[in-house]
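Novice: Line by line, the protein sequences give chains A and B.
Start counting the first sequence at 6; every next residue gets the next number (my numbering).
Start counting the second sequence at 192; every next residue gets the next number (my numbering).
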Amino acid sequence: DVKVTQSSRYLVKRTGEKVFLECVQDMDHENMFWYRQDPGLGLRLIYFSYDVKMKEKGDIPEGYSVSREKKERFSLILESASTNQTSMYLCASSLKGFGYTFGSGTRLTVV
Amino acid sequence: RKEVEQDPGPFNVPEGATVAFNCTYSNSASQSFFWYRQDCRKEPKLLMSVYSSGNEDGRFTAQLNRASQYISLLIRDSKLSDSATYLCVVNEAKSGGSNYKLTFGKGTLLTVNP
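1) Would you say residue 85/A lies against chain B (beta-carbon separation less than 8 Å)?
2) Between residue 268/B and residue 40/A, what straight-line distance do the alpha-carbon atoms span, to the nearest angstrom?
3) Under 8 Å between C-beta atoms, does residue 251/B make it to chain A?
4) Buried or exposed for residue 253/B, going by 16 or more other Cβ atoms inside 10 Å?
5) Counting only Cβ-Cβ distances shorter than 7 Å, please list the residues of the segment 99-114 of chain A near chain B, keeping chain order.
6) What number of angstroms, rounded off, separates the C-alpha of residue 249/B from the C-alpha of residue 116/A?
7) DSSP puts residue 304/B in a beta bridge; with which residues?
8) Mind checking who residue 283/B pairs with in its DSSP beta bridge?
9) Would you give the residue range spanned by the beta strand (DSSP E) that residue 262/B belongs to?
10) Just verifying my parser: in three-state terms, what is the DSSP assignment at residue 2/A?
11) Look at the alpha carbon of residue 206/B and the alpha carbon of residue 300/B, and state the distance between them as a whole number of angstroms.
12) Determine which residues share a DSSP beta bridge with residue 47/A and list them.
13) Around the Cβ of residue 70/A, are there at least 16 other Cβ atoms within 10 angstroms (buried) or fewer (exposed)?
14) What does a CB cutoff of less than 6 Å around residue 280/B pick up in its chain, not counting 5 residues either side in sequence?
15) Quick check: the Cα distance between residue 22/A and residue 83/A, rounded to an integer number of angstroms?
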């Protein structure tokens, strides 16, 4: 089975800190995605990447950046964390034409 | 019109009931369709893909109507363990390129009661 691993399950950061969320997949998938999930709002796409060093903005990219230097790793960066970025962050990967496999999520709290 | 719209729910049903979820999508060029299941405080997991001919996996049946841009999921003989949020998922088709993005509905919460 494909495994998508997110580096932290729970994270607490202070306002203004730079935050790195790491995601690694082990099945050579081309596509990788970062979502956030909030009650009542569902899953919202932040950024995605369909190849190394390629990235595209999703629906809510403001306040975030991403890095994909290697095919298996896709990092989400919160440049200056704010309290409205408190959320569940989910990474996913896929092959073209197939469904996603999600990581177990990182619950980030910004205080 | 929202890209993917689902029944708002929540659905509360007794064990053994049959329950149906409906979903509509706005992008007529969409080519791939899925149902995901998400347990409380867990990540979404693929339940089943949805094909034009309709497909069945045990107690679960998925249907696609391209003309109406409508997807459904039927759960027969529901179990307590079916309690979860069910997400309707549609790909965002783009001509050319190799990128591939899915759009998720907000989900419908199902609670199966003893």
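All C-beta atoms in this analysis are idealised placements derived from N, C-alpha and C, irrespective of residue type, glycine included.
Since this is a predicted model, take the numbers as computed values, not measurements.
Specialist: Let me spell this out:
1) As a working note, residue 85/A is residue 80 in the first sequence. For residue 85/A, the answer is no, since every Cβ of chain B falls outside 8 Å of its Cβ.
2) Against the second sequence, residue 268/B aligns to sequence position 77. Against the first sequence, residue 40/A aligns to sequence position 35. Rounded to whole angstroms, the gap between the alpha carbons of residue 268/B and residue 40/A is 33 Å.
3) Taking the first residue of the second sequence as position 1, residue 251/B is located at position 60. False, the Cβ-Cβ gap to chain A never drops below 8 Å.
4) Here residue 253/B refers to the residue found at position 62 when the second sequence is read from its first residue. With a 10 Å radius around the Cβ and a threshold of 16 neighbouring Cβ atoms, residue 253/B comes out buried.
5) 99, 101, 102, 104, 105, 107, 108, 109 and 110
6) The residue labelled residue 249/B in the question sits at position 58 within the second sequence. The residue labelled residue 116/A in the question sits at position 111 within the first sequence. Approximately 46 Å, taken between the alpha carbons.
7) Along the second sequence, one-based indexing puts residue 304/B at 113. The beta-bridge partner set that DSSP reports for residue 304/B consists of 205/B.
8) By one-based count along the second sequence, residue 283/B stands at place 92. Partner residues in the beta bridge of residue 283/B, as assigned by DSSP, are 292/B.
9) Mapped onto the second sequence, residue 262/B falls at position 71. Judged by DSSP secondary structure, residue 262/B falls within the beta strand (DSSP E) whose first and last residues are 261-266.
10) Past the boundaries of the shown model lies residue 2/A; chain A is included only from 6 to 116, so the question cannot be answered.
11) The residue you call residue 206/B lines up with position 15 of the second sequence. The residue you call residue 300/B lines up with position 109 of the second sequence. Straight-line Cα distance between these residues: approximately 15 Å.
12) In the first sequence, counting from the first residue as 1, residue 47/A sits at position 42. In the DSSP output, where bridge partners are listed per residue, residue 47/A has 43/A.
13) Within the first sequence, the letter at position 65 stands for residue 70/A. Exposed, since its Cβ has fewer than 16 Cβ neighbours within 10 Å.
14) Position 89 of the second sequence holds residue 280/B. Only 225, 227, 293 and 295 meet the Cβ criterion.
15) In the first sequence, the residue the question calls residue 22/A occupies position 17. In the first sequence, the residue the question calls residue 83/A occupies position 78. Approximately 8 Å between the Cα atoms of the pair.
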